[in-house]
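Final position of the sequence shown in the working numbering is 257; the numbers increase by one with none missing.
Below is one structure; the comments refer to it alone.
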Amino acid sequence: MNLIGEHLSKSYDQDLQNLVNLFLKMGGMAEANLTKAIESLVKSDVALAEDVIDGDKEINFTEQQLDDLVVKVLARRQPAATDLRLIMAVSKCGADIERIGDEAKKIAKMARRATREGQSPIGYHEAHQMGNFVQMMLKNALEAFAKFDATGAYQVIEQDNEIDAMYKSASRAMMTYIMEDGRYVAKVIDILWVLRSIERVGAHARNIAEQLIFCITGEDVRYQKLGAKKDSALSPAASTEINDASLDYQPSNGEN
């Protein structure tokens with residue numbers, strides 16, 4: 002089954018394709034900003050942090066474009082069933098991408114301040130480790146969306162459990178610094194906010210995966226444990242793919 006390209010109206014197919022393309026373009030922008038934000042922190046690069054802060058404006062503008070396009074398609078086509086699920090998934094996931102951009106901006110602002118104040122790199126190892134992991138999660142979520150790949154989406158959900166565990170472990174390590182030396186309180190609080198932002202990126206990547214699964218299968222897997230739902234969703238009828246050669250999503254420049 003192909004979610005795009007099954008309609009008598011070719012212009013309708015193009016409307017849906019344009020929606021997906023714009024969402025994936027926005028996702029690629031957020032992915033690139035996240036990569037640069039983490040790098041600006043661990044490398045104490047103020048210029049790179051400024052680039053992330055400025056780049057968030059473009060993500061916000063693209064979200065506005067996406068919202069406008071969603072409204073136009075809804076009004077013009079009056080979609081139902083799978084088409085409606087796809088359009089709503091793009092709309093909701095666009096909001097998640099915008100929030101990922103916001104979290105990247107928060108990290109970049111923290112990196113800029115820490116560098117200017119000459120703060121010691123307490124917690125940078127943990128932030129780098131978690132940052133690399135959520136970059137992978139976001140990349141996987143966007144690639145799954147580009148291919149309408151339910152299996153890939155479920156893998157992102159499983160990865161979110163891992164980032165939650167990493168966040169708890171890193172937070173405990175930061176609290177140890179405070180207990181050992183009270184002079185580290187301000188610095189640790191700053192890095193805890195960074196770790197929180199990174200964890201939130203993982204949660205938004207999971208949201209994208211959950212919306213994709215609903216789009217493909219009609220199954221709402223939010224707030225549910227993986228298991229039987231995963232098996233039923235991955236039946237042959239639910240395995241869908243589109244030709245992603247024309248999609249605008251490209252992994253960020255740091256990715257292999």
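Note that CB positions come from ideal geometry on N, CA and C, so glycine has one too.
Quiz item: Is isoleucine 123 helix, strand or coil by DSSP?
Solution: coil
Quiz item: Taking the C-alpha atoms as reference points, what is the distance between isoleucine 164 and tyrosine 155?
Solution: 15 Å
Quiz item: Taking just the CA atoms, how far does glycine 132 sit from arginine 117?
Solution: 22 Å
Quiz item: Mapping DSSP to helix, strand and coil, what is serine 236?
Solution: Because serine 236 carries a pLDDT of 46, less than 50, the predicted location of this residue cannot be relied on, and the following value inherits that uncertainty. If DSSP states are grouped into helix, strand and coil, serine 236 belongs with coil.
Quiz item: Under 7 Å, do valine 53 and valine 135 count as touching if we go by C-beta distance?
Solution: no
Quiz item: Using a Cβ-Cβ cut-off of 6 Å (strictly less than) and excluding sequence neighbours within five positions of phenylalanine 146, which residues of its own chain qualify?
Solution: Leu213
Self-check item: Inter-residue spacing [alpha-carbon to alpha-carbon] between glycine 29 and aspartate 103
Solution: 14 Å
Practice problem: Quick one: give me the first and last residue of the alpha helix (DSSP H) that glutamine 18 is part of. | Solution: 11 to 43
Exercise. Within the same chain, show all residues whose beta-carbon is closer than 8 Å to that of valine 189, passing over the 5 residues directly before and after it, in chain order.
Key: Ile123, Gly124, Met175, Met176, Tyr178, Ile179
Exercise. Tell me where the alpha helix (DSSP H) around lysine 226 begins and ends.
Key: Neither: lysine 226 is in no alpha helix (DSSP H) and is coded neither H nor E.
Quiz prompt | Buried/exposed call for aspartate 221, threshold 16 Cβ in 10 Å | solution = exposed
Practice problem: For aspartate 68, name the three-state secondary structure that DSSP assigns. | Solution: helix
Quiz item: Going by Cα to Cα distance, which pick from Trp194, Gly183, Ala33 is closest to methionine 137?
Solution: Ala33
Quiz prompt | Own chain partners of methionine 167 with C-beta closer than 6 Å, once the 5 adjacent residues on each side are dropped | solution = Met131
Practice problem: Please confirm if alanine 151 has its CB atom under 7 Å from at least one CB of chain B. | Solution: Annotation note: the requested chain B is absent from the structure, which comprises a single protein chain.
Quiz item: Considering only C-alpha positions, which residue in the set Lys226, Arg113, Ser45 is nearest to aspartate 161?
Solution: Lys226
Quiz item: Whose C-beta lies closer than 6 Å to the C-beta of isoleucine 39 among residues of the same chain, with five residues either side of it excluded?
Solution: Gly132
Quiz item: Does DSSP classify glycine 56 as helix, strand or coil?
Solution: helix
Self-check item: Contact check, alanine 204 vs isoleucine 158, beta carbons under 7 Å
Solution: no
Practice problem: May I have the straight-line CA-CA distance separating methionine 111 from proline 80, to the nearest angstrom? | Solution: 43 Å
Quiz item: Do valine 74 and aspartate 16 come within 7 Å of each other at the CB atom, strictly closer than that value?
Solution: yes
Quiz item: For tyrosine 224, which option in Arg207, Ala48, Thr36, Asp14 has the closest C-alpha, if you only look at C-alpha atoms?
Solution: Arg207
Quiz item: Between which two residues does the alpha helix (DSSP H) harbouring alanine 206 extend?
Solution: 186 to 218
Quiz prompt | Integer Cβ distance of glycine 95 from phenylalanine 24, believed to fall under 8 Å | solution = 6 Å
Practice problem: With a threshold of 16 other CB atoms inside 10 Å of the CB of glutamate 256, please say whether the residue is buried or exposed. | Solution: Its pLDDT being 45, under 50, glutamate 256 is placed unreliably by the model, and nothing is read from it.
Quiz prompt | For glutamine 160, the first and last residue of its enclosing alpha helix (DSSP H) | solution = 151 to 181
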